[in-house]
Amino acid sequence: MADKQLTEQDIVAGLAEIVEEVAGVAQDEVTKEKSFVDDLDIDSLSMVEIAVQAEDKFGVKIPDDELANLKTVGDAVAYVANNS
Amino acid sequence: MTTLRQSTGVAATRILGIGSFQPERVVTNDDLSQLMDTNDQWIRDRVGIIERRFADKDEFLVDMAVTAGERALADAGVEPSDVDTVIVPTCTMPSPIPNAAAQVADRIGIKASGAFDLNAACAGFCYGLGVASDLIKAGSAGRVLVIGAEKLTDVVEPVDRANAIIFADGAGAAVVGPSDEAEIGPVVWGSAGDLVDTIYMRDHRYIYQEGQAVFRWATTKIAPVALEAVAAAGLEPSDIDVLIPHQANLRIVEAIAKRLRAKGARDDMVVADDIKYSGNTSSASIPMALDHMRAAGRVSQADVVLAVGFGAGLSYAGQVFIAP
């Protein structure tokens, strides 16, 4: 599903869908400046589930050591944009 | 060239009976929060456990295995003298010499039994059930008692909040014998030794896990193994009445169930959640869950059960069987 035309908005929207499905956070809460842990209250295991779904959705690889660096939604958006 | 005579077995096997044992001592999440920095909600959210059972100091793995084995024999209506092989899947014998199986067999009254332990960690019961079924089909054994038994509290640092909240003690057993109908499907097994460092005993003393790495592996790689087991048995995912994944973590169990449903398993497939009141008992968790679910009326005789175990090694195994 990697798509060269993927815009930042597409990635945010795609992540928001995943975050809602995994952690029950409303999609409009998922914005770039939010911290997964501190603002969205997402635990480390949910982060793994989000990463696995993001891998399928965006055609990227997100290893656990990279995942540890993705503190905010914006970090994840940038990672997907740079690696898909 | 001399040709040797071969033993001949039977065409098919089934589980004749099951039984389990848990220690009396119930340990709640609140009990654990007295000992370490944790709390009830955190534990429920992360692993889905409400309470678990810990064996006393003088209550040994072998004791638990004996009781579970005796209960399985009683359930099967099989006398100890009718059993010729005992397999004890376990990874927590306090010392590797002697094994558990020979003394368990002797204490149950199974004389001069073929007896061995089998270490495939949390996949142990499914490995053991597969081996038992194949021994009978090959003619190497007549009836086999398989007893997953673990005293994980011996290998968990009591104040290690990552592991002490998860692991617990107990035993679960199945009697396997010949059958007119094929009621145990082929075992599908394998290993991922490249991930050996994600679960091991630190300083040969206390269990350690890379939580995220194990979680990722279990939630992504195990559902395909389960689906292979379904196909190996000649069934479709929609044929499965009951799913019993190793009770590692309720969130892993739910993730596996979700992936199977995405591949056609039914919404009304019963999914084992015995971890809630039993914790993670490694090789004991699948037969214990089956026994508890049957007692609770959630599994009935003739139900099609899909079991899949996974754990240290990393190792995994699964098969379909018909509930006794």
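Listed in order, the protein sequences are those of chains A and B.
Residue numbering for the first sequence follows my numbering, beginning at 147 and increasing consecutively.
Residue numbering for the second sequence follows my numbering, beginning at 85 and increasing consecutively.
All C-beta atoms in this analysis are idealised placements derived from N, C-alpha and C, irrespective of residue type, glycine included.
(request) Assign GLU294 (chain B) to one of three DSSP states: helix, strand, or coil. (result) Looking up residue 294 (chain B) in the second sequence gives position 210. If DSSP states are grouped into helix, strand and coil, GLU294 (chain B) belongs with coil.
(request) Closer than 8 Å by C-beta to THR282 (chain B): which residues in its own chain qualify, once you throw out the five before and the five after it? Chain order, please. (result) Position 198 of the second sequence holds residue 282 (chain B). Closer than 8 Å at the Cβ level, and outside the excluded window around THR282 (chain B), lie GLN293, GLU294, ALA297, VAL298, TRP301 and LEU398.
(request) Give the interface partners of ARG89 (chain B) over in chain A, defined as CB-CB distance under 9 Å, in chain order. (result) On the second sequence, position 5 is the one that residue 89 (chain B) refers to. Neighbours of ARG89 (chain B) in chain A, taken as residues at a C-beta separation under 9 Å, are lacking, since the least C-beta distance is about 53 Å.
(request) Consider the Cβ of GLN296 (chain B): report whether some Cβ of chain A lies at a distance smaller than 8 Å. (result) Numbered from its first residue, the second sequence carries residue 296 (chain B) at position 212. Between GLN296 (chain B) and chain A, the shortest Cβ-Cβ separation is below 8 Å.
(message) Using C-beta distances below 7 Å, list every residue in its chain close to ALA307 (chain B), excluding the 5 sequence neighbours before and after it, in chain order.
(response) For the purposes of this step, residue 307 (chain B) is taken as the residue at position 223 of the second sequence. Hits under 7 Å: ILE340, ARG343 and LEU344.
(request) Drop a sphere of 10 angstroms on the beta-carbon of LYS217 (chain A), count the other beta-carbons inside from all chains shown, and report buried for 16 or more, exposed for fewer. (result) Looking up residue 217 (chain A) in the first sequence gives position 71. Exposed.
(request) Rounded to whole angstroms, what's the CA-CA distance from LEU119 (chain B) to PRO242 (chain B)? Just pull it up for me. (result) Residue numbering aside, residue 119 (chain B) sits at position 35 when the second sequence is read from its first letter. Residue numbering aside, residue 242 (chain B) sits at position 158 when the second sequence is read from its first letter. Straight through space, the alpha carbons of PRO242 (chain B) and LEU119 (chain B) are spaced by roughly 8 Å.
(request) State yes or no: is the C-beta of GLY223 (chain B) nearer than 7 Å to some heavy atom of the ligand FAD? (result) Among the components modelled here there is no ligand, and therefore nothing to report on the ligand FAD.
(request) For GLU462 (chain B), count neighbouring C-beta atoms within 10 Å of its own C-beta (all shown protein chains included) and say buried if the count is 16 or more, exposed if not. (result) Residue 462 (chain B) cannot be examined here, being either before or after the span of chain B that is shown, 85 to 408.
(request) Reducing DSSP to helix, strand and coil, say where SER197 (chain B) ends up. (result) Here residue 197 (chain B) refers to the residue found at position 113 of the second sequence. Reduced to three states, the DSSP call for SER197 (chain B) is coil.
(request) Closer than 8 Å by C-beta to ARG137 (chain B): which residues in its own chain qualify, once you throw out the five before and the five after it? Chain order, please. (result) Along the second sequence, read from residue 1 onward, the residue named residue 137 (chain B) stands at position 53. Within its own chain, the residues whose Cβ lies closer than 8 Å to the Cβ of ARG137 (chain B), once the five positions on either side in sequence are excluded, are GLN106, PRO107, GLU108, ARG109, VAL110, VAL111, ALA252, ASP253, GLY254, SER362 and GLY363, listed in chain order.
(request) Alpha carbon to alpha carbon, how far is ASP174 (chain A) from GLU371 (chain B)? Give it in angstroms, no decimals. (result) Within the second sequence, the letter at position 287 stands for residue 371 (chain B). Within the first sequence, the letter at position 28 stands for residue 174 (chain A). Glu is not the amino acid found at residue 371 (chain B); the sequence shown has Pro there. Using only the alpha carbons, I get a separation of about 44 Å.
(message) Spatial neighbours of GLY232 (chain B) within its chain, please: C-beta separation below 6 Å, excluding the five flanking residues on both sides.
(response) Against the second sequence, residue 232 (chain B) aligns to sequence position 148. Excluding residues within five positions, the ones whose Cβ falls inside 6 Å are PRO173, GLY208, PHE209, GLY256, SER367, ALA368 and PRO371.
(request) Using a Cβ-Cβ cut-off of 8 Å, state whether GLU166 (chain A) counts as contacting chain B. (result) Sequence index remark: in the first sequence, residue 166 (chain A) carries index 20 (1-based). It does not; no Cβ of chain B falls within 8 Å.
(message) List, in chain order, every chain A residue whose beta-carbon is nearer than 8 Å to that of THR303 (chain B).
(response) Reading the second sequence from its first residue, position 219 is the one you call residue 303 (chain B). Within 8 Å Cβ-Cβ: VAL194, GLU195 and VAL198.
(message) Quick check on PHE405 (chain B): does DSSP put it in helix, strand or coil?
(response) For this step, residue 405 (chain B) is matched to residue 321 along the second sequence. PHE405 (chain B): strand per DSSP, three-state reduction.
(request) With a threshold of 16 other CB atoms inside 10 Å of the CB of LEU88 (chain B), please say whether the residue is buried or exposed. (result) If you number the second sequence from 1, residue 88 (chain B) lands on position 4. By the 16-neighbour rule on beta-carbons within 10 angstroms, LEU88 (chain B) is exposed.
(message) Please report whether the beta-carbon of PHE105 (chain B) lies at a distance below 8 Å from any beta-carbon of chain A.
(response) Here residue 105 (chain B) refers to the residue found at position 21 of the second sequence. No, no contact with chain A.
(message) Distance cutoff 8 Å, beta carbons only. Does LEU191 (chain A) sit that close to anything in chain B?
(response) For this step, residue 191 (chain A) is matched to residue 45 along the first sequence. For LEU191 (chain A), the answer is yes, since a Cβ of chain B falls inside 8 Å of its Cβ.
(request) With 8 Å as the threshold, decide whether the Cβ of ASP184 (chain A) is near any Cβ in chain B. (result) Reading the first sequence from its first residue, position 38 is the one you call residue 184 (chain A). No, because no Cβ of chain B sits closer than 8 Å to the Cβ of ASP184 (chain A).
(request) Report yes or no: do three or more beta-carbon pairs, one from the segment 181–188 of chain B and one from the segment 126–134 of chain B, lie closer than 8 Å? (result) These segments do not touch.
(request) Check the Cβ-Cβ distances between LEU201 (chain B) and every residue of chain A, and say whether any is below 8 Å. (result) Here residue 201 (chain B) is taken as the residue at index 117 of the second sequence, counted from 1. The sequence given here places Asp at residue 201 (chain B); Leu does not occur at that position. It does not; no Cβ of chain A falls within 8 Å.
(request) Please determine if the segment 309–316 of chain B and the segment 268–276 of chain B are in contact, where contact requires at least 3 C-beta pairs separated by less than 8 Å. (result) The segment 309–316 of chain B makes contact with the segment 268–276 of chain B: 3 or more CB pairs, one atom from each, lie closer than 8 Å.
(request) Would you please state the rounded distance, in angstroms, between the beta carbons of VAL389 (chain B) and ILE328 (chain B)? I believe it to be under 8 Å. (result) On the second sequence, position 305 is the one that residue 389 (chain B) refers to. On the second sequence, position 244 is the one that residue 328 (chain B) refers to. Between ILE328 (chain B) and VAL389 (chain B) the Cβ distance is about 6 Å, and since that is below 8 Å, they are a contact.
(message) If I follow the unbroken beta strand (DSSP E) through VAL110 (chain B), where does it start and stop?
(response) As a working note, residue 110 (chain B) is residue 26 in the second sequence. First-last of the beta strand (DSSP E) with VAL110 (chain B): 110–112.
(request) Look at VAL168 (chain A) and GLU195 (chain A) and say whether their C-beta atoms are less than 8 Å apart. (result) Numbered from its first residue, the first sequence carries residue 168 (chain A) at position 22. Numbered from its first residue, the first sequence carries residue 195 (chain A) at position 49. Yes. Within cutoff.
(request) May I have the straight-line CA-CA distance separating MET148 (chain B) from ALA276 (chain B), to the nearest angstrom? (result) The residue given as residue 148 (chain B) occupies position 64 in the second sequence. The residue given as residue 276 (chain B) occupies position 192 in the second sequence. Inter-residue distance for MET148 (chain B) and ALA276 (chain B) is about 30 Å (C-alpha atoms, whole angstroms).
(message) Is the separation between the beta-carbon of ALA222 (chain B) and that of GLY93 (chain B) shorter than 8 Å?
(response) One-based indexing of the second sequence puts residue 222 (chain B) at position 138. One-based indexing of the second sequence puts residue 93 (chain B) at position 9. For the 8 Å CB-CB criterion, ALA222 (chain B) and GLY93 (chain B) form a contact.
(message) What residue range does the alpha helix (DSSP H) around PRO329 (chain B) cover?
(response) To locate residue 329 (chain B), count along the second sequence from 1; it is residue 245. Where PRO329 (chain B) is concerned, there is no enclosing alpha helix (DSSP H), although the beta strand (DSSP E) it sits in stretches over 326–329.
(message) Between B:ASP264, B:ARG245 and B:ALA186, which has its C-alpha nearest SER98 (chain B)'s C-alpha?
(response) Working through the second sequence from its first residue, we reach residue 98 (chain B) at position 14. Looking at the sequence itself, residue 98 (chain B) is Arg, so the reference to Ser does not match. Of all alpha-carbon atoms in B:ASP264, B:ARG245 and B:ALA186, the one lying nearest the alpha-carbon of ARG98 (chain B) is that of B:ASP264.
(request) Say whether chain A places a C-beta atom closer than 8 Å to the C-beta of PHE394 (chain B). (result) As a first step, residue 394 (chain B) must be located in the second sequence, where it is residue number 310. Closer than 8 Å to the CB of PHE394 (chain B) there is not a single CB belonging to chain A.
(message) According to DSSP, is PHE251 (chain B) part of a helix, a strand, or is it coil?
(response) The sequence position of residue 251 (chain B) within the second sequence is 167, counting from 1. The answer is strand: DSSP assigns PHE251 (chain B) an E or B state.
(request) For chain B, find out if any of its Cβ atoms is closer than 8 Å to the Cβ of ASP221 (chain A); answer yes or no. (result) As a first step, residue 221 (chain A) is located in the first sequence; it is residue number 75 there, counting from the start. It does not: the Cβ of ASP221 (chain A) has no partner Cβ on chain B nearer than 8 Å.
(request) Evaluate PRO209 (chain A) with the Cβ neighbour count: other Cβ atoms within 10 Å of its Cβ, from every protein chain shown; 16 or more gives buried, anything less gives exposed. (result) The residue given as residue 209 (chain A) occupies position 63 in the first sequence. Classification of PRO209 (chain A): exposed, given that the 10 Å Cβ count is below 16.
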